[in-house]
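Trainee: Have a look at the structure that comes next, please.
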Amino acid sequence: MWVAALLLVTLLGTGLVFLSPDRYAGKLAAAVSAVPALGSIYMYWVYLTQYGGTGNALLSPADIAFGQQIPWITLGELEVSYYVGLDGISMPLLVLTTVLTTLAIVSAWTPIDERQSQFYGLMLFMEVSLIGVFSALDFFLWFVFWEGVLIPMYLLIGVWGGPRRKYAAIKFFVYTNVASLIMFAGLFALVFSTDLTSLSLPAMAEAFRTASGLPTIAGVNLMTISFILMFFGFAVKVPVFPLHTWLPDAHVEAPTPVSVMLAGVLLKMGTYALLRFNFTMLADTARQLAVPLAIIGVVSVIYGAMLALAQRDLKRIVAYSSISSMGYVILGLVAFTPYGMGGATFQMIAHGLISGLMFMCVGVIYNTTHTRMVGDMSGLADRMPWTVGIFVAAAFGYMGLPLMAGFAGEYFIFQGSFNAPTLGGAAPVLTSLAMFGIVIVAGYLLWAMQRTLFGGFNLETDYEVSPAAFHDVAPLAVLLLLVIALGVAPDLSFAMIQDSISPVLEIGGGA
Amino acid sequence: MVALPDWMALAPALSLALASLVLLLADSVDPDTTNTGLLTGISVLGSLLSFGFAGWFITAGTGMADSTGVALFNNQIVVDQMALFFMAIVGSVTTLVVLASYDYVAEHSYQAEFFALVLLSATGMSLLSAANSLATAFVALELVSLPSYALVAFLKENKGSVEAGLKYFLIGAVSSAVLAYGISLVYAATGVLRFDGVATAISSGTVQTIVDGSVQAQAGDPAVPMAILGVGILMIIGGVAFKTASVPFHFWAPEAYEGAPAPISAFLSSASKAAGFVLAFRAFAVAFPIGDLLAAGGAINWVMAFQILAIATMFIGNFAAATQETVKRMLAYSSVGHAGYVLIGLAAVSGSGEGLSLSMSAGMSHLLVYGFMNTGAFLFIALAEYWGVGRRFEDYNGLGKEAPVACAAMTVFLFSLAGLPIGGGFFSKFYLFQATLNVSAWSLAAALIINSALSLFYYSRVVKAMWIEEPTGSRTIESYPMGLYTAVVGAAIVTVLLLPGFNRVSEIAFQAAQLL
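Protein chains in written order, with the working numbering: chain S, 406 to 916; chain L, 636 to 1151.
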């Protein structure tokens, strides 16, 4: 009921905002999105206090929190239902989505000045879809929401984006849609060879885990082929090297609030799906392929960081560093250890908060300076003390300063992957290589901050620079507080994540 | 509950026929009438009644008591669930089309004729859904075709329209001839025209005859000449391919759809296509059961033929659509592509005929969803033509700012046509996909996936033009025509509702297909 209420309220709000006059759309959208945000925080609190120690939604359906199932469609022998529910993995992601959407909407008040009602309507529509992605437990329902995220994102980039927005929007759309189809084909090859009668995710997990006698194509087991197709499909979303090229374009062209959602939540859809499908349903195959997958992750870490090092545009720097950070998540997932997988999930939340915060900071600076080029400005610290202060704090969070969420996430991952049995002898080597990524991150962030924020004031674009408005800085402060809170007390979400991860580790005799 | 007389089973077709007669009557009373409202009212009433009757009979389970359906006129016509399913498609599409025509024909003369022709053609489609013999089917098919030739050429001052009408007529005449020849060969080989009789002849291997309405072996038990039968079936496939705008007889479609008034394009590409498919489904499922046909010496493997046609149609339609410069022509080719998807209904079948009811019901469901989303898309074109917006993609630039509601509806149609889960098109395509995997027809499944991916590219061009691009020239939209708007928005609402409500459609379709 709770999830349905969240979806319904947000959907109704979406309609309301679409119909509202442009002048009020922003405020109304913020008010509307506050409802699911508060609702999900309440759910989080209920979960934290009452559902402690529950299992994984896919592996032990009895433990699903806030579950609801209603039969929907029967296609031949396949039963499809409206089936939603949460566990320790999806719960934090749900709150991340709702909170970040509200903050992103508030941060859009300043930069978005045309067709507001459509902009905020689409933001809310995207929120509906995202809530659905993280709470759906039936494949079809999940897929409806999964694709439902693309349409508003495509339009948000395409209509309100920068100069090359059309190219960026279509590239994003084509990349992610082709990826969806490949994933779809891979998954259904398995579905139809295992006599499934229900498309609920728990049923699929059960069927894939116990599947035997699958056909082989050219000597390769169908399970492996499907795993690779699905990994490919989700990896585009993450994105990992070499499927990342849509990301910088989309980020640079997207308006800042949209970048916040893209980096903060949409990328997590990819890793969330990887965790649910590839690493839970096809855990055995994931273990077998752990080393090559870890290499992909580590290459993403290093390559993304190197690319970030080469950028002059602040937004591009943050965009490329996202590729780097998401590489850690892949490394953590393949480790199949409590800290590795748990850390990877925690890193999704941490990175969602920190990268959202970074993009917002860049956005607030851009709103005043109208440039994002590192060489075009310096000495902003005196003029915008609050914004710059938070920017610096966020950057240190990104570099992994202890007592901030980024440190916890990365530390868990490294601890989990250093001795990962799935990686064997390669584990220490790969982990050390990945750690080197942090050094590069520190390199480019410190360089960028030193050039832009400190030193004597100079601005090539000649705009008047004054402190940002309260409603611009407030979302930054809220996010920074969350980052610090999770850094000081990771167990606020790490405990429930671990509870839900441990069943994944147990299947196949791991842990 | 009052038991209706048997002939009432034809009520969906009769109400269309009656409405067309009333229209002609109104025209003869006042030949110069320009009372578009009255004419539209009669047409909408007739087609809505048709849809209503079909829907009522489906829910009431007409023809389900004895699994053969309600047989009329010595079994020449059988009203069963499948017939009703297609009658409902025809009724709904016709309603949308005549409603939209209210604004479209307002400035033209011969309005009563226009509406009467649409309804006559729809009557033919409705009858075709229930035809149970090759003769009835042929007559019904001609009733569908002849008015539509005239309708395509309706804008007789417009060269494009007249040219399209002529081309359509010539190709249509040839294909009718081919079909008639095919039917005569089948008759020569089997001795009967009734679908069940043909099936008996094939399974028993002897020529049949009909005595007092029942099928019997002809005296002396002459054997069915399989080669002649095979040629006949092949020609019937050709006739079906024409009517459904499938490869290799698809090339009339882009011309006709582009030249015709846009509501007529909608009508032809949705309802007329559905009518062609109901003939195909019924003839091949009932009259030429593949298992018996192959067992009897393999006159022709029509499943193989449809597999080739389906794949060729999907690829040719979609690739051609991707290279078009005008929106209407793109939709025309995409409609060819969709014919390819529906052909899966007859192609995803195993050699012994297994999987036929699943694949056919998938094809039927897709046709129903397609009836709304494709009609809606063409009606949006009609709206654009009404506003004087140009024909190219660029001419649609920035339309979303001026007409957000209509453009939102168009976005729904396009994404649903592409198979994104925003409308019923997603499930119906998935259903087809499932049907292909059910019989391990990998090539069909791959073609379906590849073409769906491709189609998103060209459909999204329109979306991009409407919402993202800036308008190039100055353009003012002065009026928001009520009839067109109602039809477009209504179709969009139904398209979206078919996403949660698809279960009902697929259930009915599956039941109908199983009863055959």
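Even glycine gets a Cβ: it sits at the ideal position worked out from N, Cα and C.
Counting beta carbon pairs with one atom in the region 750-769 of chain L and one in the region 643-662 of chain L, are three or more of them shorter than 8 Å?
Mentor: yes
Trainee: At the level of alpha carbons, what is the spacing between Gly690 of chain L and Ala723 of chain L?
Mentor: Taking the straight line from one Cα to the other gives about 6 Å.
Trainee: Please list the terminal residues of the continuous beta strand (DSSP E) segment that includes Gln474 of chain S.
Mentor: Ala470 to Leu480
Trainee: Relative to chain L, which residues along the region 524-555 of chain S have a C-beta separation below 9 Å, given in chain order?
Mentor: Phe545, Phe548, Val549, Phe550, Trp551, Glu552, Gly553 and Leu555
Trainee: Taking the C-alpha atoms as reference points, what is the distance between Val622 of chain L and Phe1007 of chain L?
Mentor: An answer regarding residue 622 of chain L cannot be provided, because it is not within the stretch 636 to 1151 covered by chain L.
Trainee: Can you list, in chain order, the residues of its chain with a C-beta nearer than 8 Å to that of Ile712 of chain L? Leave out the 5 residues immediately preceding and following it.
Mentor: Leu645, Ala706, Leu762, Ala765, Ala766, Asn767 and Thr771
Trainee: Thr918 of chain S: which of S:Ile770, S:Phe817 and S:Gly638 sits nearest, CA to CA?
Mentor: A question about residue 918 of chain S goes unanswered here, because the residues of chain S that appear run from 406 up to 916.
Trainee: Going straight from the alpha carbon of Val921 of chain L to that of Leu658 of chain L, what length do you get?
Mentor: Straight-line Cα distance between these residues: approximately 36 Å.
Trainee: Could you tell me whether the region 516-536 of chain S touches the region 419-434 of chain S, where touching means 3 or more Cβ pairs closer than 8 Å?
Mentor: Enough Cβ pairs lie closer than 8 Å, so yes.
Trainee: Should Leu828 of chain L go down as buried or exposed, given a rule of 16 or more other Cβ atoms within 10 Å for buried?
Mentor: Counting the other CB atoms within 10 Å of its CB gives Leu828 of chain L a total of 16 or more, which places it among the buried residues.
Trainee: Would you mind giving the Cβ-Cβ distance between Leu858 of chain S and Val793 of chain S, rounded to the nearest angstrom? I have them listed as a contact below 8 Å.
Mentor: 5 Å
Trainee: State yes or no: is the beta carbon of Tyr976 of chain L nearer than 8 Å to at least one beta carbon in chain S?
Mentor: no
Trainee: Quick one, which residues of the region 1079-1092 of chain L are near chain S if we go by CB-CB under 9 Å, in chain order?
Mentor: Ala1080, Ala1081, Ile1084, Ile1085, Ser1087, Ala1088, Leu1091 and Phe1092
Trainee: Could you tell me which chain L residues have their CB closer than 9 Å to the CB of Val408 of chain S, listed as they occur along the chain?
Mentor: What Val408 of chain S touches in chain L: nothing, since even the nearest Cβ is about 16 Å away.
Trainee: Where does Pro640 of chain L sit, in a helix, a strand or coil, going by DSSP?
Mentor: coil
Trainee: I'd like to check one pair, Ala659 of chain S with Gly566 of chain S: are the Cβ atoms closer than 8 Å?
Mentor: Yes; because the gap between Cβ atoms is below 8 Å, this pair is in contact.
Trainee: Between which residues of its own chain and Asp877 of chain S is the CB-CB distance below 6 Å, once the five residues before and five after are set aside?
Mentor: Thr515 and Val769
Trainee: Taking Cβ to Cβ, would you say Ala891 of chain L is nearer than 8 Å to Val787 of chain L?
Mentor: yes
Trainee: Whole angstroms are fine: how far does the CA of Ile1057 of chain L sit from the CA of Ser1141 of chain L?
Mentor: 17 Å
Trainee: For chain L, find out if any of its Cβ atoms is closer than 8 Å to the Cβ of Asn582 of chain S; answer yes or no.
Mentor: yes
Trainee: For Val797 of chain S, which of S:Thr774, S:Met854 and S:Asp427 has the nearest alpha-carbon?
Mentor: S:Met854
Trainee: Which same chain residues, not among the five before or five after Tyr1021 of chain L, have their C-beta less than 7 Å away from its C-beta?
Mentor: Asp738, Tyr739, Pro1116 and Leu1119
Trainee: Is DSSP giving Gly914 of chain S helix, strand or coil here?
Mentor: Reliability fails at Gly914 of chain S, whose pLDDT of 49 lies under 50, so the model's placement of it is uncertain and the value that follows must be treated cautiously. Gly914 of chain S falls in the coil class under three-state DSSP.
Trainee: Threshold first: 4 residues or longer. Then list the alpha helix (DSSP H) segments lying entirely within the region 1068-1145 of chain L, N to C.
Mentor: 1077-1098 and 1117-1132
Trainee: Does the pairing of the region 959-973 of chain L with the region 889-904 of chain L give three or more beta-carbon distances under 8 Å?
Mentor: yes
Trainee: So Ile363 of chain S contacts chain L; which residues on that side make the cut at Cβ distance below 7 Å?
Mentor: Nothing about residue 363 of chain S can be reported from this structure: the residues present for chain S run from 406 to 916 only.
Trainee: Mind checking if Gln942 of chain L is an interface residue toward chain S, Cβ cutoff 8 Å exclusive?
Mentor: no
Trainee: Helix, strand or coil for Val625 of chain S? Go by DSSP, reduced to three states.
Mentor: DSSP places Val625 of chain S in strand when its eight states are reduced to three.
Trainee: Using DSSP's beta-bridge definition, name the partner residues of Asn863 of chain S.
Mentor: According to DSSP, Asn863 of chain S shares a beta bridge with S:Ser783.
Trainee: By the 10 Å Cβ neighbour count, where 16 or more other Cβ atoms means buried, how is Met939 of chain L classified, buried or exposed?
Mentor: Under this definition Met939 of chain L is an exposed residue.
Trainee: Cβ closer than 9 Å: which chain S residues qualify as neighbours of Ser1141 of chain L?
Mentor: Ile478, Thr479, Leu480 and Gly481
Trainee: Is any beta-carbon of chain L found at less than 8 Å from that of Ile475 of chain S?
Mentor: no
Trainee: Please return the same chain residues whose Cβ sits closer than 7 Å to the Cβ of Val353 of chain S, not counting the five positions on each side in sequence.
Mentor: Shown here, chain S extends from 406 to 916; a query on residue 353 of chain S therefore has no answer.
Trainee: Name the residue from L:Thr844, L:Ala897 and L:Phe1065 whose alpha carbon lies nearest to the alpha carbon of Ser1000 of chain L.
Mentor: L:Phe1065
Trainee: Kindly indicate which three-state DSSP category Arg1027 of chain L falls into: helix, strand or coil?
Mentor: strand
Trainee: Hey, quick one: how far does the beta strand (DSSP E) through Leu707 of chain L stretch, first residue to last?
Mentor: Val705 to Leu707
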